[in-house]
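Working notes, structure below.
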Amino acid sequence: MTITAQPVPILNDNYAWLLKDTETGATAIVDPAEGPPIIAAIEAAGGRLDMILLTHHHGDHVAATDEVRARFPCTVVGAAADAHRLPKLDIAVREGDTVALGNARGRVIDTPGHTNGQINFFFPEGPVLLSGDTLFSLGCGRLIEGTAADMFGSLAKLKALPGDTLVCCGHEYTESNARFALAVDPDNAALRARVAEVRAQRAAGKPSVPSRMADECQTNPFLLAPDIASLADVRGKKDKF
Ligand code: ZN
Ligand code: FE
-3 MTITAQPVPI LNDNYAWLLK DTETGATAIV DPAEGPPIIA AIEAAGGRLD MILLTHHHGD
57 HVAATDEVRA RFPCTVVGAA ADAHRLPKLD IAVREGDTVA LGNARGRVID TPGHTNGQIN
117 FFFPEGPVLL SGDTLFSLGC GRLIEGTAAD MFGSLAKLKA LPGDTLVCCG HEYTESNARF
177 ALAVDPDNAA LRARVAEVRA QRAAGKPSVP SRMADECQTN PFLLAPDIAS LADVRGKKDK
237 F
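When you number the sequence shown by the numbering used here, it's gap-free, plus one each residue, and the end is 237.
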C-alpha cells in the first residue's frame, strides 16, 4: 500500500497535488486554486475525488475549492484555526489529527510562519509530505504572519520526518531559490549537484519537485540554519536578494 503524489501545474507557478491511495484508488487534491487543469487531472486519473486538503487560506491555494467540490462531491479538510477564512470545511483539523484517504492515514502538522494557521499533511505510506508554503525545495515561505521562531519550530518538525519523504510543495520556486542558496553556501557540494539537477529538469520542462527530505536537509539554507537567529538572518537576506 502506498500513496502516490502527482504535481498539477496551475496558475503561474503553483502546484496542486493529486494524491492516490494505490490500494483503494481513493484520491485527494491538495490546494485546488484553479478549476480547469485540476478537473482535467482528476478526470485523467479516473474521475474519482474523495477529498480536498487545504494547507492555508491564500487564494493561490484555495480559490477553486468550491468549483472542484461542485464537480466532484467530496470532503474538504483544512485547519480549524483558519476555518473563518478558508472555504467551508467538512472536517476542521488540528496538530496531530489524522485524515483517512482510502486505507492510508495522513497526519496533520501545524507549521506556522508563512501564515499562522498553516498546516502540512504527512502520509507515512509514501512517505509524502504536503508542505504548502512552509517548505519549498531549497527555500521556505515568506514570514507573512509568523515569526522566525515560528518558522524555525515548523521546519524542525519537518526535518525530523524520514529522509526518503517526498516533499510536495506549493510552488515551482526552485530555480530562483537555487540562485540564493548558492550565493550563501557556495561550497556545498550537495547543493551544487542538486542545482545542476534542477536546471536540467527545468530545461526539459519538468517539475523540480517533489524533492527528497534528506536532500533538502543537506542543501536547503533554511533547514541548514542551526538556530532561530540564523534562520531570521537567512530569511532577511532572501527577502532582499
Ligand atoms: Zn501562501
Ligand atoms: Fe502560495
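Just so it is clear, CB atoms sit at the ideal spot from N, CA and C, and this is done for glycine as well.
Keep in mind that this is a model prediction, so the values were computed, not measured.
Given that a residue counts as buried once 16 or more other Cβ atoms are within 10 Å of its Cβ, and exposed if not, what is residue i?
{"i": "K233", "result": "exposed"}
{"i": "H167", "result": "buried"}
{"i": "T161", "result": "buried"}
{"i": "D27", "result": "buried"}
{"i": "A196", "result": "exposed"}
{"i": "I140", "result": "exposed"}
{"i": "L80", "result": "Contrary to the premise, residue 80 reads as His rather than Leu in this sequence. Exposed."}
{"i": "G137", "result": "buried"}
Secondary structure at residue i, three-state DSSP: helix, strand or coil?
{"i": "S172", "result": "helix"}
{"i": "C165", "result": "strand"}
{"i": "C136", "result": "strand"}
{"i": "F117", "result": "strand"}
{"i": "T0", "result": "strand"}
{"i": "P5", "result": "strand"}
{"i": "D129", "result": "coil"}
{"i": "G142", "result": "coil"}
{"i": "G102", "result": "strand"}
Look at the alpha carbon of residue i and the alpha carbon of residue j, and state the distance between them as a whole number of angstroms.
{"i": "D93", "j": "L7", "result": "30 Å"}
{"i": "R101", "j": "L15", "result": "12 Å"}
{"i": "Q214", "j": "E121", "result": "23 Å"}
{"i": "G21", "j": "G98", "result": "7 Å"}
{"i": "R175", "j": "P69", "result": "42 Å"}
{"i": "A12", "j": "A145", "result": "28 Å"}
{"i": "F118", "j": "L157", "result": "9 Å"}
{"i": "V64", "j": "N184", "result": "43 Å"}
{"i": "H110", "j": "A210", "result": "22 Å"}
Can you list the beta strand (DSSP E) stretches of 3 or more residues lying completely in the stretch 10 to 92, in chain order?
-> Listed in chain order, the complete beta strand (DSSP E) runs (minimum 3 residues) inside the stretch 10 to 92 are 10 to 17, 23 to 26, 47 to 49, 71 to 75, 87 to 89.
Where the beta carbon is closer than 5 Å to any heavy atom of the ligand ZN, which residues qualify, in chain order?
-> Listed by chain position, these are H54, D129.
Which full runs of the beta strand (DSSP E) of 3+ residues lie inside the stretch 155 to 236, going along the chain?
-> The beta strand (DSSP E) runs lying completely inside the stretch 155 to 236 and spanning 3 residues or more are 162 to 165, given in chain order.
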